[in-house]
Structure formats: structure tokens, C-alpha cells
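Undergrad: To convert, take the position in the sequence shown, counting from 1, and add 54; that gives our numbering. The structure follows.
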Amino acid sequence: MPKVLKGEKRANQYPNFDCYLFLRLEMGERKCLAFSNQSNEGLKNVRLKADPAVQSGDILRLECDYDLENAQLYSIKWYFGDDEFYRFVPKESPPTRVFPLPGVVVDLTKSDHRVVNLENVQRNLTGYYACEVSADAPLFHTDVKKALIIVVESPRDSPRIFAKKKNFSQSGKIEASCVSTKSYPATNLTWYINGRRAQNDTFKKITNLIELELGSLETSKSKLEITSPSLGGVFVDGKLKLLCQATLFSIYNGTNEIEIVDDTPQLAHVLSPTPSDAFVNQINKARKITAS
55 MPKVLKGEKR
65 ANQYPNFDCY
75 LFLRLEMGER
85 KCLAFSNQSN
95 EGLKNVRLKA
105 DPAVQSGDIL
115 RLECDYDLEN
125 AQLYSIKWYF
135 GDDEFYRFVP
145 KESPPTRVFP
155 LPGVVVDLTK
165 SDHRVVNLEN
175 VQRNLTGYYA
185 CEVSADAPLF
195 HTDVKKALII
205 VVESPRDSPR
215 IFAKKKNFSQ
225 SGKIEASCVS
235 TKSYPATNLT
245 WYINGRRAQN
255 DTFKKITNLI
265 ELELGSLETS
275 KSKLEITSPS
285 LGGVFVDGKL
295 KLLCQATLFS
305 IYNGTNEIEI
315 VDDTPQLAHV
325 LSPTPSDAFV
335 NQINKARKIT
345 AS
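Okay, here's the thing in C-alpha cells:
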């Protein structure tokens, strides 16, 4: 069985390391996302590979890739925030150690010196993950890579479109709303008019809003307004198709579509009166008499 003990805190653990990746915060502050010892010669090309988002309840796969060249591996350490939850030290027996952290469930059958698999991840595991690679003696070169990973709650339903009416005049204004409910984070809503993506311009206005729901879920709302000068160009054969697309990373993609019909009054065609057959016959007889 792997040993279970208290993990280390990574913060300020390597004060001599340089920060090479910053996150810009408010008021001009900066937060370091990744550290590197610029004097490394044996340890190179450390990379943390993971999807930027994972569905709640799924497996989160974290991979730490690196090149030790001729050096030997001393340890691999994994952190969530500043708390260590997994360690691999090849010279120890067993080489793996798991440190208890709320919500973190390590699948040891699929975790080793490069890969860690976390089972049944939940939203509270959204945050920064870091892998720390250390080469063996005599130099113990160390490098750290960090990545933000979001645990997603997808909407249960497709987005819904609402329109005040589905028959509009080209001289009027079209208003439609799209709602995608209860997700984390909020979905991105995109409008399409007759298959073409709609954007704010002189004649089209899109207003987006995010509302906080119970359980820290979020609802996305979007309102589309099309004013009269553009209506002549959006109706095709007297019809207009509006599609709303809701996306959440590459995990969720939902759509809904409505059709709006042009009910602009049409002018009746004015036809010249058609001469009756009797009248035509009379004219023909008069032509014959004149000819004789």
C-alpha cells in the first residue's frame, strides 16, 4: 500500500528560482504562475499537459513531460494550489505517496512518474495544478510547471429562444432572446442569422448577461435586436432563421433555432381590363365591312 502522509507546501520553497510566467492582476499586481531555475543543464523541457477543462464527475488526466538528458530522476511532485497531493520517488519503496486533500482521489493503478489520474473530479477542484520535477544528485535541478484547469458543470438542456412574435414586418424591429441555464462556468452564447454569425453593427445589437443561480451555477442570457434598415437583407424568400448556440469549452455544444416569417403587406397587381369576346367579334366584323 502507498504511504499516506502530510504533503508539503510549495510556496516559497525555492526562493532562488526565477519566475518566467506571470498572471497580471488588478492594481498592477502580478502573480507568478511558473518557476524555473535558469541554470538547469540536466533537466530540460518540462511541460504540464492537461485539458483546460473537464466535465464534473469525469477523470482528470495530468501529465508531466520532461527531459532529464543524462541525469537520474529524484522526484515528481504534484500540487493543487500550494498543497501537495501526489509524489513519486523512484528510490523509495513503494515509490508512490498520496497526501490527503479534500476531493482529490488519485487512481494509483494509472499514475506513475509522469502521469496522474484523478477520479470523479468536482467543481471544488477547479484551480491551478503544478508538477515539480527534480533531478537527482549532485545538483538536484528542479523545475515547476503550472496550469489552470476548470471542472465544468454542463447545462442539462439545450438553450431556449424567445421571440415576442414569429411574424414580423420588414419595416419593424426584430427582438429575440436566448437563455442557457444552470452551468459552471456560464456558457458562451452566439447568434446566427440565416447561417451567418451575427455581430454588433449599425443595425444589429447583441446584449449579454450572466446571472448567478443557487449552488453557484450560472445562467447565460443574450438579447438580439435587428432594426428596420437591415431587415431587407436578412429575409430570404420571406423567411428569417435565427439560431442560438451555447458552448462550454469543447465539452458542451447546444443549439436551438426558430423561423420568423415576413408579414409585410404585399401590393396587389393591377391588371388592365380584358376585352370581352363579344366586343372582339364586333370589331372584327367592322374590319371586314370596311375592307369590302
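Note that CB positions come from ideal geometry on N, CA and C, so glycine has one too.
So, at 7 angstroms on beta carbons, what are the nonlocal neighbours of residue 205 in its own chain, with the 5 sequence-adjacent residues on each side left out?
TA: Counted from its first residue, the sequence shown places residue 205 at position 151. Here the set comprises 108, 110, 175, 176, 177, 179, 180.
Undergrad: For my contact list, residue 140 and residue 152 are in at a C-beta cut-off of 8 angstroms; report their separation, rounded to the angstrom.
TA: Here residue 140 corresponds to residue number 86 of the sequence shown, with the count starting at 1. Here residue 152 corresponds to residue number 98 of the sequence shown, with the count starting at 1. Right, the Cβ-Cβ distance comes to about 6 angstroms (below 8 angstroms), so this counts as a contact.
Undergrad: Would you call the region 257-265 in contact with the region 212-219, where contact means no fewer than 3 C-beta pairs closer than 8 angstroms?
TA: no
Undergrad: Determine whether the beta carbon atoms of residue 243 and residue 274 lie at a separation below 8 angstroms.
TA: The sequence position of residue 243 within the sequence shown is 189, counting from 1. The sequence position of residue 274 within the sequence shown is 220, counting from 1. Their beta carbons are under 8 angstroms apart, which means residue 243 touches residue 274 by this criterion.
Undergrad: For residue 255 and residue 156, I'd like the C-alpha separation in whole angstroms.
TA: Stepping through the sequence shown from its first residue, residue 255 is reached at position 201. Stepping through the sequence shown from its first residue, residue 156 is reached at position 102. When rounded, the distance between both Cα atoms is 48 angstroms.
Undergrad: Quick one: using the 10 Å Cβ neighbour count with 16 as the cut-off for buried, is residue 315 buried or exposed?
TA: Numbered from 1 along the sequence shown, position 261 holds the residue referred to as residue 315. Its Cβ having fewer than 16 others within 10 Å, residue 315 is exposed.
Undergrad: Below 8 angstroms between beta carbons: does that hold for residue 121 and residue 98?
TA: The count along the sequence shown starts at 1 and reaches residue 121 at position 67. The count along the sequence shown starts at 1 and reaches residue 98 at position 44. Yes; because the gap between Cβ atoms is below 8 angstroms, this pair is in contact.
Undergrad: Kindly give me the distance between the Cβ atoms of residue 171 and residue 115, rounded to whole angstroms, as I take these residues to be in contact under 8 angstroms.
TA: On the sequence shown, residue 171 is found 117 positions in, with the first residue counted as 1. On the sequence shown, residue 115 is found 61 positions in, with the first residue counted as 1. Rounded, the Cβ-Cβ distance is 5 angstroms, consistent with contact.
Undergrad: Return the CA-CA distance between residue 190 and residue 303, expressed in angstroms with no decimal places.
TA: Numbered from 1 along the sequence shown, position 136 holds the residue referred to as residue 190. Numbered from 1 along the sequence shown, position 249 holds the residue referred to as residue 303. Straight-line Cα distance between these residues: approximately 39 angstroms.
Undergrad: Roughly how many angstroms lie between the CA atoms of residue 272 and residue 311, to the nearest whole one?
TA: For the purposes of this step, residue 272 is taken as the residue at position 218 of the sequence shown. For the purposes of this step, residue 311 is taken as the residue at position 257 of the sequence shown. Looking at the two C-alpha atoms, the distance is approximately 22 angstroms.
Undergrad: Rounded to whole angstroms, what is the Cα-Cα separation between residue 236 and residue 292?
TA: Taking the sequence shown and counting its residues from 1, the one referred to as residue 236 is at position 182. Taking the sequence shown and counting its residues from 1, the one referred to as residue 292 is at position 238. For residue 236 and residue 292, the distance between alpha carbons rounds to 36 angstroms.
Undergrad: Contact defined as beta carbons within less than 8 angstroms: I believe residue 241 pairs with residue 182. What is the distance between those atoms, to the nearest angstrom?
TA: Locating residue 241 in the sequence shown gives position 187, where the first residue counts as 1. Locating residue 182 in the sequence shown gives position 128, where the first residue counts as 1. Incorrect: roughly 23 angstroms between the Cβ atoms, too far for contact.
Undergrad: Would you identify the three-state DSSP class for residue 164, choosing helix, strand or coil?
TA: Mapped onto the sequence shown, residue 164 falls at position 110. Looking at residue 164 - three-state DSSP - the assignment turns out to be helix.
Undergrad: Along the chain, where does the beta strand (DSSP E) containing residue 289 start, and where does it finish?
TA: Locating residue 289 in the sequence shown gives position 235, where the first residue counts as 1. Unbroken run through residue 289: none, as it is neither H nor E.
Undergrad: Just the Cα atoms here: how many angstroms apart are residue 197 and residue 100?
TA: Against the sequence shown, residue 197 aligns to sequence position 143. Against the sequence shown, residue 100 aligns to sequence position 46. For residue 197 and residue 100, the distance between alpha carbons rounds to 7 angstroms.
Undergrad: Do residue 276 and residue 208 have their C-beta atoms closer together than 8 angstroms?
TA: Counted from its first residue, the sequence shown places residue 276 at position 222. Counted from its first residue, the sequence shown places residue 208 at position 154. No, they are not a contact pair.
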